[in-house]
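Enquirer: I am attaching a structure below and will ask some questions about it afterwards.
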Amino acid sequence: VYPREVEEVLYEHPAVAEAAVMGVPHDDLGEEIVAIIAFKEGESATEDELREHAKSGVAAYKYPRHIVIVDELPKGPTGKILKREIDLTGVA
Numbered sequence: 001v002y003p004r005e006v007e008e009v010l011y012e013h014p015a016v017a018e019a020a021v022m023g024v025p026h027d028d029l030g031e032e033i034v035a036i037i038a039f040k041e042g043e044s045a046t047e048d049e050l051r052e053h054a055k056s057g058v059a060a061y062k063y064p065r066h067i068v069i070v071d072e073l074p075k076g077p078t079g080k081i082l083k084r085e086i087d088l089t090g091v092a
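Here the working numbering is used: the first residue of the sequence shown is 1, the next is one more, and so on.
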């Protein structure tokens, strides 16, 4: 699964300001997909709404099984999201 493909679908949701998609370890599958989402100011959505939105745009095996809502995603000096700095402790 290419994270960017799933991120692009999530960015199409009207409430999503930022999205990062990563894999987390899974005992049986090897990895599961998790999406980390920051909303636009004044916007919100439920985890189920975001999951259903993703399901509508990617194959069934590609949608995020876990959604983590954050205020903002960590970024470097150029504004690029720093996935290695995202704490996924307790996810999965």
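Backbone N, C-alpha and C fix where the C-beta goes; we use that ideal spot for every residue, glycine too.
Along the alpha helix (DSSP H) that carries Gly57, what are the first and last residues, could you check?
Expert: First-last of the alpha helix (DSSP H) with Gly57: 47-57.
Enquirer: Are the CB atoms of Arg84 and Pro64 nearer to each other than 8 angstroms?
Expert: Contact flag unset, no.
Enquirer: Could you please give me the residues that DSSP links to Ile86 through a beta bridge?
Expert: Paired residue(s): none; Ile86 is not in a bridge.
Enquirer: If you follow the alpha helix (DSSP H) that Pro3 is part of, which residue opens it and which one closes it?
Expert: Per DSSP, Pro3 belongs to the alpha helix (DSSP H) from 3-11.
Enquirer: How big is the Cα-Cα spacing for Val21 and Thr89?
Expert: Spanning the two alpha carbons is a distance of roughly 15 angstroms.
Enquirer: How many angstroms separate the CA atom of Leu29 from the CA atom of Asp87?
Expert: Leu29 and Asp87: Cα-Cα distance of roughly 21 angstroms.
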